[in-house]
DNA sequence: ACGTTGACCTATA
DNA sequence: GTATAGGCCAACG
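Residue numbers (this note's numbering): 22 to 135.
Now the structure itself:
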């Protein structure tokens, strides 16, 4: 795969349980601010990646579970999040601002990767 | 090769 | 606060 995808997967794996991030934040961290859609495409392939990529911890900027349809079932993503202590109501992450995990802030730089 | 689609985001009104 | 437009670029038919 391209390095871009691998980088996306690396960042997603850094998201701690019970926290969530966004496509745009990851794209921005990888230097592709305008290409947040590519992060979504990377997630589409995330299910086939080894090791496991916690794609359920990645939601859109509004905290909406827009990618839930790509999981096994419609409630799989929500179930996974709730099993980690993340409240999800009406396909939306509760206290998204508080649970938001920004790689730009948490990792500070690319030194945490590789 | 071309048009459409898509797990998105920002800007403007 | 919502609505609309534009940009982004890989994958698919």
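Ideal Cβ positions, reconstructed from N, Cα and C, are used throughout, including at glycine.
Distance, Cα to Cα, residue i vs residue j?
i	j	result
residue 126	residue 47	11 Å
residue 61	residue 32	13 Å
residue 66	residue 86	17 Å
residue 53	residue 103	30 Å
residue 108	residue 27	29 Å
residue 112	residue 88	10 Å
residue 82	residue 114	11 Å
Identify the residues that DSSP records as bridge partners of residue i: which are they?
i	result
residue 110	113
residue 102	Its beta-bridge partners do not exist; DSSP assigns none.
residue 43	80
residue 85	113
Please list, in chain order, all residues of the same chain as residue i whose beta carbon is under 6 Å from its beta carbon, the five residues on each side excluded.
i	result
residue 57	44, 45 and 48
residue 70	30
residue 123	46
residue 98	77, 86, 89 and 92
Nearest to residue i by alpha carbon, out of the options?
i	options	result
residue 72	95, 35, 88 and 108	35
residue 116	88, 79, 41 and 25	41
residue 93	82, 68 and 114	68
residue 37	77, 84, 25 and 23	77
Give every residue of the same chain whose Cβ lies closer than 8 Å to the Cβ of residue i, excluding the five residues on either side of it in the sequence, and list them in chain order.
i	result
residue 39	105, 106, 107 and 120
residue 79	33, 36, 41, 42, 43, 44, 47, 60, 64 and 88
Please determine whether the Cβ atom of residue i lies at a distance below 6 Å from any heavy atom of the ligand ZN.
i	result
residue 127	The ligand ZN is not part of the structure shown, which contains no ligands of any sort.
Please work out which residues of its chain come closer than 7 Å, Cβ to Cβ, to residue i, disregarding the five sequence neighbours upstream and downstream, and give them in chain order.
i	result
residue 74	30, 33, 34 and 67
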